[in-house]
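**Q**
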Amino acid sequence: MKEAAAHETIPHLFRCPISLDLFKDPVTLCTGQTYERSSIQKWLASGNLTCPVTMQKLHDTSFVPNNTLRHLISQWLQMGDQISPHCVSAIDSMAALRTKLESHEFSYEYKLQVLQRVRILCEQFPSRNSCFVQFGFLSVLLELVFGEEEAKLSQEYQEFVEQALSFVVSMVSLDQIQSLNMLMEEPKLSRFMVLFSHGTATIKISLCQLVEAISSSVQTKDLGVLLGNATELLREVVQLLRHNSEVSDAATKAICSLSNMEQHINNLVVEGAVTGLITYISNAQQRERSSARVAMAAIEKLLAMRSAKVEVVNNPNGVNAIVKMVFRVSDLGGSESAVGSLIILCYDSVEAREEAIRGGVLSQLLLLLQSQCCAKTKTKARILLKLLRSKWVEDKRNM
């Protein structure tokens, strides 16, 4: 009877979903669900390639120790009768709230209230964000956001998705990025695109942050390649650059991250990223805070394509916008990329050289050389000055 009573007091989240026993060696799958090591090993050894709880197809069958949950259980066992009933209640409440999120019986308006309750409860734990993960909310939210193919884009649904994605963005930064590989499934990627095309500005910001994270991680390399080849997605991200707001900042970071993969550069140029980034840095000069340095780094990478160079030179504001980025008193972070971009443009284009000089590049470079910028930036500035001088002499001879 005593054992049965003890078993009854085990918080639901401390039990393995397969064996229903107290975790001894909890491990977490790529879906974010946690199982007892021996139980999940038997499941996989039997030829199952899905997550037992979510039934998602496993793109990666490896798992990692859930040390946070192990630590919580250890504390719970050590405290025994001294453990605060309030703490046990909070843990069980988290399990109940997760169940409500998973249920199809509740409206999105109600589930939004559930999420707000989860946020409050997580404040009671030392590591709030990791609690979202360890208690299994990441996989649930990903499924709710990207697995609900038929959900209408009502106001209450979009408000729920806004909050859910804010949780997801905070969780994928905790080494849970591999969970996003569920977007490799075509229906889920399609839902991602629907939200990107028709979602609110807040939703688009979160999705841009996910694109940035995916394109920056080796754990989601294949998904990053998939996103970089999705012309509809690239077109949507590029369009956001013209918004001159927080959403354009997020889009800039996403594009810069995508451009780290060489195979994406041509796609980005074709979809208008160069003109979009030029517009962005032009608008950024009127704002105190922006991602102008990130945009400048992206432009420099895109200039590896000849068509990108032509696009900048043919843009009435192209070269001039980059010249203005050479020396900005409020932010020298983009100077190196600006100078590097001008070296690329001016090397083989008379028009670019003339436009740069008319735009005041010489005075900008002299100011930069007198500033506190790094030695590498100053070296590039000297290279550009030397290039402009030698090309000016060469141009004079050819006239």
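Be aware that the sequence shown starts at 1, since it is given in the UniProt record's numbering, and climbs by one per residue. We put the beta carbon where it would ideally sit given N, CA and C, even for glycine. Bear in mind the structure is a predicted one, so any value in this text is a computation, not a measurement.
#1: Is glycine 228 helix, strand or coil by DSSP?
#2: Buried or exposed for isoleucine 383, going by 16 or more other Cβ atoms inside 10 Å?
#3: Lysine 57 by DSSP, collapsed to three states: which one?
#4: Below 8 angstroms on the Cβ atoms is my guess for isoleucine 357 versus alanine 321; work out the distance and round it to an integer in Å.
#5: Quick check: the Cα distance between phenylalanine 192 and alanine 230, rounded to an integer number of angstroms?
#6: Please tell me whether glutamate 36 and aspartate 60 are closer than 9 angstroms, where the distance is taken between their beta carbons.
#7: For arginine 15, does the three-state DSSP call read helix, strand or coil?
#8: Using a Cβ distance threshold of 8 angstroms, determine whether the region 206–219 contacts the region 257–267, with at least three qualifying pairs required.
#9: Go through its chain and collect everything with a Cβ distance to leucine 302's Cβ below 8 angstroms, but skip five positions before and after it.
#10: Considering just the uninterrupted stretch of the alpha helix (DSSP H) at glutamate 354, what are its terminal residues?
#11: By DSSP's criteria, leucine 22 is part of a beta bridge. Which residues make up the other side?
#12: Since methionine 182 and leucine 138 should fall inside the 8 angstroms C-beta cutoff, what is the C-beta to C-beta distance between them, to a whole number of angstroms?
#13: Consult DSSP for glutamate 109 and reduce its assignment to one of helix, strand or coil.
#14: In whole angstroms, what separates the C-alpha of valine 145 from that of leucine 345?
#15: Pop quiz: serine 341 and isoleucine 299 are said to be a contact at Cβ under 8 angstroms. What is the actual Cβ separation, rounded to whole angstroms?
#16: Would you identify the three-state DSSP class for threonine 31, choosing helix, strand or coil?
#17: Can you list, in chain order, the residues of its chain whose CB lies under 7 angstroms from that of alanine 304, leaving out five sequence neighbours each side?
#18: Cβ of valine 326 within 9 angstroms of Cβ of valine 294?
#19: Go ahead and pull the three-state DSSP assignment for valine 323.
#20: For threonine 50, list the residues DSSP reports as bridge partners.
#21: Assign glutamate 355 to buried or exposed, taking buried as 16 or more other Cβ atoms, counted over all protein chains shown, within 10 Å of its Cβ.
#22: Starting from glutamate 36, follow its DSSP beta bridges and name the residues at the other end.
#23: When the Cα atoms are used, what is the spatial distance from glutamine 56 to leucine 141?
#24: Mind checking who proline 65 pairs with in its DSSP beta bridge?
#25: Out of Arg119, Trp43, Val323, Gly228, which has the shortest C-alpha to C-alpha gap to arginine 353?
#26: Mapping the DSSP letters down to three states, classify glycine 340 as helix, strand or coil.
#27: What residue range is occupied by the uninterrupted alpha helix (DSSP H) comprising asparagine 283?
**A** Taking the structure as given:
#1: helix
#2: exposed
#3: strand
#4: The pair is not a contact, with the Cβ atoms about 15 angstroms apart (cut-off 8 angstroms).
#5: 12 angstroms
#6: no
#7: strand
#8: These segments touch.
#9: Ser259, Ile265, Leu268, Val269, Ala273, Val274, Leu277, Ala308
#10: 350–358
#11: Arg15
#12: No, methionine 182 and leucine 138 are not in contact; Cβ-Cβ is about 10 angstroms, not under 8 angstroms.
#13: helix
#14: 43 angstroms
#15: 6 angstroms
#16: If DSSP states are grouped into helix, strand and coil, threonine 31 belongs with coil.
#17: Ile265
#18: no
#19: helix
#20: Lys57
#21: buried
#22: Pro26
#23: 13 angstroms
#24: Looking at the DSSP output, proline 65 bridges to Val27.
#25: Residue Val323 is the option with its Cα nearest to arginine 353.
#26: helix
#27: For asparagine 283, the enclosing alpha helix (DSSP H) covers residues 273–284.
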